[in-house]
Amino acid sequence: MLEESGFLDRKAVLHLGGMWVQVAGAELTRAQRWAEAWGLDCHEMESPESRIGHGAGGLFFPGLGNIRNPRMLKALRAYLAAKGVSFVREHIRRVELLSSGAILHGEVGQYSSDTIVVAAGYNAAALLAETGLSMPLFPAKGEMLLFQVAPGDVPSVILTEAGYLIPRADGAVLVGSTLRKGDASHYPTVQGRHQLISLAASLSPVLAEKKPSYHWSGVRPGCERDYPYLGLLPGATGVYVAAGHYRNGLVSAPGSAELLAQLICGESPFTDPEPYSLSSASPSSRSSSSFLSR
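Below, the structure written as structure tokens:
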């Protein structure tokens with residue numbers, strides 16, 4: 280859609296260099312079954328980086344890659360603006376439910392609609408607490424580094440228990456990430472920088488010889504269950520929630536948007552919405568698989 284309309288250059292956003300995941304034993308078998316169930320091509324392969332350890336086992340997914348998030352979102356915003364969508368930057372303090380829809384009370388003004396989607400990250404829990412809804416959401420601060428190397432020096436995404444490397448087509452390599460549950464601050468730290476530099480050196484000899492070009496941090500919408508919350512707010516009409524995507528916001532965005540749009544429009548959902556519903560049981564249900572929870 281974005282490419283066809285001229286708002287997106289695929290080569291500047293998408294890098295399909297494959298992905299290697301460090302996994303072994305029962306986890307490797309489980310990952311292979313998961314890949315087969317979803318039609319993903321993969322094969323066993325030792326670590327592509329010598330520093331991870333000689334003979335370190337894992338799976339390589341040749342058809343996977345990564346998306347350059349900021350460029351993707353910039354293109355999406357430009358596309359929506361061209362379609363007449365308006366954007367209002369506001370700090371919403373309260374959600375007041377109506378017989379249909381709700382009123383959003385902000386610092387500057389009030390906004391009402393018959394259909395509202397609350398997608399406020401971990402803050403969604405506080406915004407909707409007055410309605411009686413309880414969601415186990417929490418802030419989770421993460422820091423990342425960016426290194427600049429020659430294109431191809433880090434050929435594929437590398438995902439390990441300790442962290443990950445994400446190479447871009449132009450030679451930029453992202454190293455991440457730290458994780459501090461309960462921390463909502465947005466500033467990078469010296470401790471985080473040292474931790475990530477050490478991680479980069481442990482994963483790639485190329486990065487061990489480089490200094491990082493950029494260091495930043497952000498706050499993820501942490502959740503105490505594997506699935507995000509997607510669906511109608513219990514007891515409300517026309518008020519929906521999309522929250523708790525944790526570390527998988529971008530990769531799960533297309534499916535989340537499609538499912539939510541189908542629920543709002545009264546269409547048949549492409550997948551069972553019950554596991555994602557706000558009334559779904561067991562908020563603390565988390566996968567025991569380290570592969571599936573990365």
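Following my numbering, the numbering of the sequence shown begins with 280 at its first residue and continues without gaps.
Built from N, CA and C at the ideal position, the CB exists for glycine as well.
Small disclaimer: the values here were computed from a predicted structure and weren't measured.
Proximity to residue i [Cα-Cα], best of the options
i	options	result
residue 512	313, 389, 456, 374	374
residue 478	462, 457, 492	457
residue 518	556, 498, 492, 344	556
residue 554	505, 492, 432	505
residue 288	537, 394, 448	448
residue 453	475, 549, 402, 361	475
residue 445	352, 419, 292, 538	292
residue 507	482, 378, 524	524
residue 480	314, 466, 455	455
residue 284	294, 358, 384, 369	358
residue 393	402, 401, 382	382
residue 421	443, 459, 403	459
residue 430	417, 451, 471, 401	451
Rounded straight-line distance, which links the Cα of residue j to that of residue i
i	j	result
residue 350	residue 356	10 Å
residue 305	residue 545	41 Å
residue 414	residue 528	17 Å
residue 303	residue 437	15 Å
residue 298	residue 286	27 Å
residue 322	residue 435	14 Å
residue 399	residue 497	14 Å
residue 387	residue 380	20 Å
residue 542	residue 514	16 Å
residue 494	residue 473	11 Å
residue 296	residue 463	33 Å
residue 340	residue 316	14 Å
residue 520	residue 484	44 Å
residue 229	residue 501	Shown here, the chain extends from 280 to 573; a query on residue 229 therefore has no answer.
residue 345	residue 377	41 Å
residue 308	residue 364	46 Å
residue 354	residue 536	17 Å
residue 433	residue 324	16 Å
residue 343	residue 469	33 Å
residue 311	residue 389	51 Å
residue 573	residue 522	Note on residue 573: pLDDT 48, under 50, position unreliable in the model; the coordinate value appears next. Whole-angstrom Cα-Cα distance: 18 Å.
residue 402	residue 531	19 Å
residue 441	residue 338	16 Å
residue 313	residue 439	18 Å
residue 294	residue 336	24 Å
Cβ neighbour criterion (16 or more within 10 Å) applied to residue i
i	result
residue 560	In this prediction, residue 560 scores a pLDDT of 46, lower than 50, which makes its location untrustworthy; no coordinate-derived value is stated.
residue 347	buried
residue 301	buried
residue 290	exposed
residue 499	buried
residue 461	exposed
residue 533	exposed
residue 366	exposed
residue 417	buried
residue 352	exposed
residue 471	buried
residue 361	exposed
residue 466	exposed
residue 404	buried
residue 326	buried
N- and C-terminal bounds of the beta strand (DSSP E) containing residue i
i	result
residue 353	Note, residue 353: premise wrong, no beta strand (DSSP E); alpha helix (DSSP H) at 348 to 361.
residue 299	298 to 301
residue 507	Unbroken run through residue 507: none, as it is neither H nor E.
residue 381	381 to 385
residue 391	389 to 392
residue 337	337 to 340
residue 441	No beta strand (DSSP E) contains residue 441, which DSSP labels as neither H nor E.
Residue range of the unbroken alpha helix (DSSP H) whose run includes residue i
i	result
residue 477	469 to 482
Cβ of residue i within 7 Å of any chain B Cβ
i	result
residue 434	Looking for chain B here will not work: only one protein chain is present.
**Q.** Cβ contact check for the segment 367 to 381 and the segment 395 to 414: 3 or more pairs under 8 Å
**A.** Yes, the segment 367 to 381 touches the segment 395 to 414.
Q: Would you check if the segment 478 to 497 and the segment 426 to 434 touch, i.e. whether three or more CB-CB distances between them fall below 8 Å?
A: Yes, they touch.
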